[in-house]
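Counting from 1, one number per residue, gives the positions in the sequence shown under UniProt numbering. We put the beta carbon where it would ideally sit given N, CA and C, even for glycine. I have placed the structure first, in the form of structure tokens, so that the comments after it can refer back to it.
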Amino acid sequence: MVSALEDNKIIVTAGDDGRDLPPVPSPDPEPVKPRVASDVTAEKSYGIGYMVQHAENEDAIHADGSVTLADGSTTPGDVYGGYAQTDTGKATTTDGSVKLENGSKVTNDVYGGSAQVQAAGDAASTSSVTIKDKSSVTGDVYGSFAFTLRGKATATGTVTVINSKVDSVYGAVAESNSTSIATGKVTISDSSVASDVYGGYADTLAGTATADNNQVTISDSTLSGKVYGGYIFSDTGTGTANNNTVTLRGAVNFTGTRELYGGYSEVTGKDVFTGNTLNVDNYTGTATFDKIANFEFFNFTIPTSSKDSDAILQTDHLVLGDGADKPSTVGTVQFSGASAPDLKIEDKIILIDSKETVNSSGEKANDGVDFKGSDLTVKWGSMFEQLFTSSLDGDDIILVAKTAGDSSTPGPEVPPEDGGIIGGGGGSPGPVKLKDGSRSLAEASFMGFALVNQGADLVAGQAMENATQGAEGFSPFAAVVAGTSRYSAGSDSHTDVSGYSMAVGLAYSAEVNDIIDRITLGAFFEHGAGNYHTGNDFASGHGDTQYTGGGILGQVSFEDTGHGHFYAQAAIRAGGVTSDFSTSDLQASGINAGYDATKAYRSLYAGIGYVWNVMSDARLDTYAKYFLTQMDGDSVRITTGEPVEFETVTSRRLRLGTRFTYAINEYVSPYIGVGYEREFDGQVNASTYGYDLDAPSLRGDTGLGEIGLTITPTEGKAFSLNVGLQGFTGVREGWQGSLQMKYEF
């Protein structure tokens, strides 16, 4: 409690309540001018480095400063990043910071920033403290400190402790007889704390104390005291400690007084419950807490190794909400890791095992009143979810496994990594089902296959045309298409791809006899690449894909029959396709789901057509083309740990179309065409743990149109160039531009 100002010093007394208050720093430095900034670095020294502001009756003073203690420095006194003090007016520290590194030591207190008004005026401090690399502080650590006798004290601070030792930790402390606001963030990992931890600490005698929106995160550390998300003292005034978050992660071991508070008030009647959250993330500590109190929400991330009746937290006393208007509840639960939890229907996990559970009034807590149970969709891995029900069972908060959904459809048994079996058993429905949106993993494989199919179109179209329209003998050819397409992969999903395909090769043509006018044979190298984006109602993702391969092609042109001639074509292709994929909508333990895959492909094309010479300078080419393409399956383990099996994909397509070409002169020949394509298969099947992912498919109808121009710029016609534009609608929607080049020897 702030009580008096004597001889330019701030006097703090405990008051009748006997509580321990953070000390108010009151060094007595020489006065300096207002608005002075200072940076101090001490290495292997015993001197104290701090930035000090002090002025008598200044209207406003401002201090920015930073202190870095490195390489084993030892400091016997207090350390301040920024310090501002005045009798009246306004005192402010902004961006003050203290850093302890590489085994540095402070044997007293550390303040990121301290702003003090000894009489009337506002004090505000925004600052931080970082302690790491086996450093230590024997005294208390304050991310930010603000004090005024009469006025508004606002403290916003951050404390980060990594692999070090400290005593007490305060994210932010604000003290005033009028208005105190403390907002702090404390992060402690791989460290030891000898006393209490406060996210925010707000103290006032008769005004308003606010310690809201504070965060305390403790990971793999040892603590010997209490943990407060927000702490307030407001004797005859008002106050709240709301919307604070306390997170326990990993091996957090408690000794001494073991108490957790979302919010805490020395005086009853204040709201220290609303919005406060306890996050328990793969907690492996074994200590039994003395008390867990004043949390509205409990969130858990549970190891998938958890078994029936395992307890996550244990406490002697649990204090929940009070009545139906302010009950406690379990907000979210998820399993960590990729393996299935060894839980069957009606198995339970004890989230909090308590010897005595009461409401905030101290009465026996009741399920449905002081605790609100609910059905929870619990996730494990990146693709699975399971229905659970939370409830207050006696004094314990428990989670009971239920069915996954449709009780008429038994789920397959899911093997955990330890070889056990998860499922309904005895023909009953399994408790686990795939998440909506897991199909995006299959859609990624689907996109690589779609690009391989585009390569088949190139070989049977532009490349074949280029290879077969030359004179007798050898002629190199090249063709490339590039564009963007959207493939409908089902009623609620699609995949967009932008990329190119190319083929280069060498063809040989020869005349044969009176029946067969000419035969053309050629060999080619092919390559294609693109990037894609998948999307459905539940998840989206992106990635890259490419294929590389080669093949042979051929055409037989028959002698004229009537006003034209028939022809037959064929091509064989083979190669490999690689794809990568990532999505932030499927995650496990903060890791995005993704994978890399390499697969082989092979393709067969056969086509027939008739070229009708409408007139001497115009012809109509009507054709039918059939494509058979396969891409091998693959087994991958995605980044979140689950195995995914991709089956072999087969595409069977029939395309019917016609193209009209008119030779304006011997150099320029424009053309226009239309076509229809039917895909009879093209389904990408994939599974994980025996569960089938929703299968995207290319099956369906696509209409196409084209327009282009063939240019032969030289009189000898050795070189020709074809540029075109194709558009698609239906299962495939989009456009592509094409370029063909040929040179005849």
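As assigned by DSSP and simplified to three states, the class of residue i
i	result
THR468	helix
ASN531	strand
PHE449	helix
LEU320	coil
GLY499	strand
VAL459	helix
THR296	Here residue 296 is Glu; the residue named in the question, Thr, does not match the sequence. Note: GLU296 maps to coil in three-state DSSP.
LEU725	strand
GLU443	helix
ALA14	Caution is warranted here: a pLDDT of 29 is assigned to ALA14, below 50, making its placement in the model unreliable, and the coordinate value is therefore given only provisionally. It is coil, neither helix nor strand.
Buried/exposed call for residue i, threshold 16 Cβ in 10 Å
i	result
PRO696	buried
ALA539	buried
PHE145	buried
GLY594	buried
HIS542	buried
MET464	buried
PRO713	exposed
GLN740	buried
ALA365	buried
residue 746	Here the chain covers residues 1 to 745 and nothing more, so residue 746 does not appear.
SER738	buried
GLY425	With a pLDDT of 32 at GLY425, under the threshold of 50, the modelled position of that residue is not reliable, and the figure given next carries that caveat. Per the 10 Å Cβ criterion, exposed.
PRO29	The predicted model places PRO29 with a pLDDT of 37, which falls under 50 and marks its position as unreliable; any figure quoted below should be read in that light. Exposed.
THR639	buried
ILE515	exposed
THR629	buried
ALA456	buried
ARG637	exposed
Limits of the unbroken beta strand (DSSP E) element including residue i
i	result
PHE627	618–631
HIS542	540–558
TYR201	197–204
LEU586	564–588
GLN85	79–86
ILE188	179–189
ASP353	348–358
PRO670	668–679
GLU706	700–711
ALA365	Note, ALA365: premise wrong, no beta strand (DSSP E); not H, not E.
ALA115	110–132
MET615	591–615
GLN334	328–336
SER97	89–100
ASP375	375–380
GLY229	227–234
PRO643	643–646
residue 747	Because the chain in this structure spans residues 1 to 745, residue 747 falls outside the shown range and cannot be described.
TYR283	Premise fails: TYR283 is in no beta strand (DSSP E) and is neither H nor E.
Cβ-Cβ separation, residue j to residue i (assumed contact under 8 angstroms), whole Å
i	j	result
VAL98	VAL117	Going by Cβ atoms, the distance from VAL98 to VAL117 rounds to 22 angstroms, so no, they are not a contact pair.
GLY256	SER224	4 angstroms
GLY505	PHE474	Rounded, the Cβ-Cβ distance is 11 angstroms, inconsistent with contact.
GLU647	ASN685	4 angstroms
SER180	ASP203	6 angstroms
GLY724	GLY708	3 angstroms
THR92	ALA120	Going by Cβ atoms, the distance from THR92 to ALA120 rounds to 16 angstroms, so no, they are not a contact pair.
THR484	SER498	4 angstroms
ASN242	ASP220	28 angstroms between Cβ atoms; not a contact.
residue 752	ASP308	Because the chain in this structure spans residues 1 to 745, residue 752 falls outside the shown range and cannot be described.
VAL333	VAL400	Going by Cβ atoms, the distance from VAL333 to VAL400 rounds to 11 angstroms, so no, they are not a contact pair.
ASP509	GLY470	First, the amino acid is wrong: residue 509 is Ser here, not Asp. So it is a contact: roughly 6 angstroms between Cβ atoms.
ASP617	ARG659	So it is not a contact: roughly 15 angstroms between Cβ atoms.
PHE254	ILE302	Their Cβ separation, rounded to whole angstroms, is 19 angstroms, which puts PHE254 and ILE302 out of contact at 8 angstroms.
Those runs of the beta strand (DSSP E) which lie wholly inside the stretch 237–275 and span at least 3 residues: Fully enclosed beta strand (DSSP E) runs of 3 or longer: 238–240, 245–249 and 259–265.
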